[in-house]
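Peer 1: Note that my numbering has the sequence shown beginning at 39, numbered continuously upward. Cβ atoms here follow ideal geometry from the backbone N, Cα and C, with glycine treated the same way. Take a look at this one; I'll ask things after.
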Amino acid sequence: VEMPAAARPQVSVQGDAKQLAMPAVFLAPIRPDIVQFVHTNMRKNARQAYAVKRRENEAGHGHSAQSWGTGRAVSRIPRVSGGGTSRAGQAAFGNMCRSGRMFNPTRTWRKWHRKINTNQKR
């Protein structure tokens, strides 16, 4: 709905003596859903990437472990080799294991930033 210039409030421009009709865009209601959307997505542009270490022997893969196979009445998860320590024979590598890797390790190539339309930011 377009308002005629005479119906809009008059405002003064700094550095000028004359009064002008306020632009109609300033009379439009502020939509809280758009404000929240823009604010949420602009905050995402300040984030930095993080991830667990992904090299071969890091983040849950720091042991030499092999499955014992079937026939030993234990699960087939890989088990830490060696002896002389309480860690020997314990399950390793799995996401359900103590000191194992996490499920679906975080990656640095996640979509961290968001592009927001300029008109929405305005």
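On the DSSP letters alone, give me the boundaries of the beta strand (DSSP E) that residue 116 sits inside.
Peer 2: Taking the first residue of the sequence shown as 1, we reach residue 116 at position 78. Unbroken beta strand (DSSP E) run through residue 116: 116 to 118.
Peer 1: Nearest to residue 63 by CA position, among 101, 42, 57, 77, is which residue?
Peer 2: Taking the sequence shown and counting its residues from 1, the one referred to as residue 63 is at position 25. Among 101, 42, 57, 77, the Cα nearest to that of residue 63 belongs to 42.
Peer 1: Rounded C-beta distance between residue 84 and residue 91? I'm assuming under 8 angstroms.
Peer 2: Indexing the sequence shown from 1 puts residue 84 at position 46. Indexing the sequence shown from 1 puts residue 91 at position 53. Between residue 91 and residue 84 the Cβ distance is about 24 angstroms, and since that is not below 8 angstroms, they are no contact.
Peer 1: Compute the Euclidean distance between the alpha carbons of residue 72 and residue 150, then round it to the nearest angstrom.
Peer 2: In the sequence shown, the residue the question calls residue 72 occupies position 34. In the sequence shown, the residue the question calls residue 150 occupies position 112. Distance between the alpha carbons of residue 72 and residue 150 is about 20 angstroms.
Peer 1: According to DSSP, is residue 184 helix, strand or coil?
Peer 2: A query on residue 184 cannot be resolved here, the shown segment of the chain reaching from 39 to 160 and no further.
Peer 1: Of all the options 112, 88, 118, 80, which has the alpha carbon lying nearest to the alpha carbon of residue 158?
Peer 2: As a working mapping, residue 158 is identified with position 120 in the sequence shown. Cα-wise, what sits closest to residue 158 is 80.
Peer 1: Taking the runs of the alpha helix (DSSP H) that are 4 residues or longer, which of them lie wholly in the segment 47 to 94?
Peer 2: Complete alpha helix (DSSP H) runs here, min 4: 70 to 81.
Peer 1: Return the bridge partner residues of residue 105 from the DSSP annotation.
Peer 2: Locating residue 105 in the sequence shown gives position 67, counting from the first residue. For residue 105, which the question treats as bridged, DSSP gives the partners 116.
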